[in-house]
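If you want our numbering, it's the position in the sequence shown, counting the first as 1, plus 98. Glycine residues also receive a C-beta, built at the ideal position from the N, C-alpha and C atoms. Below: one structure, written as structure tokens.
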Amino acid sequence: MKKKKSTILFLTSVLVIGILAFTGFKGITIGDYRFKPFTETINKGLDLQGGISVLEEVQGKVDAKTLDRAIELISMRVNKMGISETLVAKEGNNRIRIEIPGVFDSKQILDTVAKSGELKFVGPDKVTILTGKDIKDATTGFGEGNKPVINLELNEAGKQKFAQATQKFLKQKITILMDNEVLTDPTVESVITDGKAQISGSKDLAGASRKAQIIKSGALPVTLKAVSVKTVGATLGTNALELSMKAGAVGILCIFLFMLLYYRAPGIIASISLMLYVVLVLGVFSAINATLTLSGIAGFLLTIGMAVDANVLIFERTREELKTGKSIKSSVNAGFHRALPSILDSNITTIIAGVVLYMMGTGSVKGFALTLVIGVTISIFTALTCTEFLLKLAVEMGLISKTSHFGVKRG
99 MKKKKSTILF
109 LTSVLVIGIL
119 AFTGFKGITI
129 GDYRFKPFTE
139 TINKGLDLQG
149 GISVLEEVQG
159 KVDAKTLDRA
169 IELISMRVNK
179 MGISETLVAK
189 EGNNRIRIEI
199 PGVFDSKQIL
209 DTVAKSGELK
219 FVGPDKVTIL
229 TGKDIKDATT
239 GFGEGNKPVI
249 NLELNEAGKQ
259 KFAQATQKFL
269 KQKITILMDN
279 EVLTDPTVES
289 VITDGKAQIS
299 GSKDLAGASR
309 KAQIIKSGAL
319 PVTLKAVSVK
329 TVGATLGTNA
339 LELSMKAGAV
349 GILCIFLFML
359 LYYRAPGIIA
369 SISLMLYVVL
379 VLGVFSAINA
389 TLTLSGIAGF
399 LLTIGMAVDA
409 NVLIFERTRE
419 ELKTGKSIKS
429 SVNAGFHRAL
439 PSILDSNITT
449 IIAGVVLYMM
459 GTGSVKGFAL
469 TLVIGVTISI
479 FTALTCTEFL
489 LKLAVEMGLI
499 SKTSHFGVKR
509 G
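Set out below in structure tokens:
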């Protein structure tokens with residue numbers, strides 16, 4: 099009964115992994131719902147599908163908070179154009195890197211990024227009540243029910259305008275627009291005569307802080323100058339992706355062959371576990387809406403090698419136990435136990451290095467680091483769960499019953 103149960107569990111596990119792999123790489127349609135393959139759900143970076151890379155330099159000296167507000171406004175503008183997966187990030191102390199995949203009109207991008215911008219408070223009658231010039235300060239805090247709010251403070255000119263508007267539009271909405279994009283549209287709950295108001299409706303403190311920064315700046319708070327504008331051709335990106343995929347497929351196939359030839363039966367288990375690893379990593383990329391770049395692919399391929407390394411450590415420890423005369427079952431258990439410290443030590447140090455790279459790096463370095471951390475974390479999981487589970491089932495069902503199945507010959 100135990101052998102039969104192990105056989106059923108083993109075959110079911112392999113079938114599930116096979117279905118997941120097929121769905122991930124080919125896609126599948128069930129009724130009216132279609133599970134898209136990874137090629138459609140994982141976003142491609144600038145270097146894979148082409149686009150524009152712009153480096154803007156801030157003119158004059160600005161503090162870190164002002165630069166952060168400028169980055170927030172620029173991000174809002176380029177995304178408003180219907181562009182997804184843009185990168186707007188600080189580079190150095192006074193530069194802003196903007197990368198936009200799939201767009202090739204550099205003049206439109208430069209005009210959009212560099213314009214001053216316009217903040218407006220508009221009433222239900224579509225008449226402008228306040229502009230950015232009327233705002234003295236905007237901060238975040240917590241209001242009733244401990245919910246995040248924006249604390250708005252107006253100057254003298256704005257105070258009078260807002261008092262008249264809140265009286266006129268009591269129990270109606272006043273819309274706050276940035277570049278004609280709706281930022282928020284709170285309802286006037288009372289007449290405000292002191293120029294201090296609370297704006298509720300934000301889902302979290304981070305969202306309230308983002309809106310407060312935009313309201314406080316009123317317009318782009320810095321003057322920018324484009325110091326670099328690069329256009330990446332789509333043909334280059336397509337070729338790079340195709341060649342990377344081929345390289346990845348060849349690399350994975352070579353790893354499978356090595357594991358099968360050197361470790362024999364356990365090599366089959368390692369290959370199945372590695373297939374699950376690939377599916378899980380790509381699934382995580384898709385779930386977190388990650389953008390895959392060439393450096394990200396390099397990090398992914400590197401983690402495949404590290405995932406195999408964990409299996410190699412386990413199998414080598416198991417072979418050492420077999421050579422001492424222990425049974426296969428005892429050797430497998432001892433092999434996992436003895437390999438665990440080495441696996442954790444090597445992978446945790448790699449994760450630490452990846453986190454440091456992600457925190458201190460920019461652009462493609464971040465992509466490489468993120469891919470590395472995700473891949474190594476999942477490789478630990480698959481090695482210590484999937485490989486162990488399947489290998490022990492294979493021993494229980496008799497698929498692995500001789501020391502020669504591990505490539506070990508006893509005298």
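DSSP beta-bridge partners for Lys328? By 1-based counting over the sequence shown, the position of residue 328 is 230. Residue pairing by DSSP places Lys328 opposite Ser151 in a beta bridge.
Assigned exposure category for Met179 - 16 Cβ within 10 Å defines buried: As a working mapping, residue 179 is identified with position 81 in the sequence shown. Bear in mind that a pLDDT of 46 at Met179, under 50, signals an unreliable position, so the model cannot answer this.
Alpha helix (DSSP H) containing Pro364: first to last residue? Here residue 364 is taken as the residue at index 266 of the sequence shown, counted from 1. For Pro364, the enclosing alpha helix (DSSP H) begins and ends at 363-385.
What span of residues does the alpha helix (DSSP H) with Asp443 cover, start to end? Stepping through the sequence shown from its first residue, residue 443 is reached at position 345. Counting along the chain, the alpha helix (DSSP H) containing Asp443 begins and ends at 426-458.
Host alpha helix (DSSP H) of Leu489 (start-end): Translated into positions along the sequence shown, residue 489 becomes position 391. Here the alpha helix (DSSP H) through Leu489 covers 486-495.
Coil, strand or helix - Leu411 by DSSP: Indexing the sequence shown from 1 puts residue 411 at position 313. Here DSSP, grouped into helix, strand and coil, assigns Leu411 to helix.
For Phe136, the first and last residue of its enclosing alpha helix (DSSP H): Within the sequence shown, residue 136 is the residue found at index 38, counting from 1. Per DSSP, the unbroken alpha helix (DSSP H) holding Phe136 starts and ends at 136-139.
Could you tell me if Thr422 is buried or exposed, where buried requires 16 or more neighbouring beta carbons within 10 angstroms of its beta carbon? Mapped onto the sequence shown, residue 422 falls at position 324. Exposed, because fewer than 16 other Cβ atoms sit within 10 Å of the Cβ of Thr422.
Mind the definition here: the region 496-505 touches the region 357-373 only if three or more C-beta pairs lie below 8 angstroms; say whether that holds. Verdict: yes, contact present.
Quick test of the definition: if touching needs 3 or more C-beta pairs under 8 angstroms, does the region 481-492 touch the region 430-441? Segments in contact, yes.
At least three beta-carbon pairs within less than 8 angstroms, the region 254-269 to the region 291-310: Yes: the two stretches touch, three or more of their Cβ pairs being nearer than 8 angstroms.
Got a sec, what are the start and stop residues for the alpha helix (DSSP H) Phe108 sits in? Locating residue 108 in the sequence shown gives position 10, where the first residue counts as 1. In the DSSP assignment, Phe108 falls within the alpha helix (DSSP H) that extends over 100-124.
Burial state of Thr110, where buried means 16 or more other Cβ atoms lie within 10 Å: Reading the sequence shown from its first residue, position 12 is the one you call residue 110. Thr110 comes out exposed.
Buried or exposed (CB count within 10 angstroms, at least 16 for buried), Pro199: Taking the first residue of the sequence shown as position 1, residue 199 is located at position 101. Classification for Pro199: buried.
When you compare only the Cα positions, how much space is there between Ser151 and Ile106? Position 53 of the sequence shown, counted from the first residue, corresponds to residue 151. Position 8 of the sequence shown, counted from the first residue, corresponds to residue 106. C-alpha separation (whole angstroms): 54 angstroms.
CA-to-CA distance, Ser428 to Lys134, given in whole angstroms: Within the sequence shown, residue 134 is the residue found at index 36, counting from 1. Within the sequence shown, residue 428 is the residue found at index 330, counting from 1. Straight-line spacing of the CA atoms in Lys134 and Ser428 works out to 43 angstroms.
For Ala405 and Tyr375, what's the separation of their Cα atoms in angstroms? Taking the first residue of the sequence shown as position 1, residue 405 is located at position 307. Taking the first residue of the sequence shown as position 1, residue 375 is located at position 277. Their backbone Cα atoms lie some 8 angstroms apart in a straight line.
Buried versus exposed, by CB contacts within 10 Å (16 or more), Lys309: Walking along the sequence shown from the start, residue 309 turns up at place 211. Under this definition Lys309 is a buried residue.
State whether the region 216-226 contacts the region 166-176, with contact taken as three or more CB pairs (one from each stretch) at a distance under 8 angstroms. The region 216-226 is not in contact with the region 166-176.
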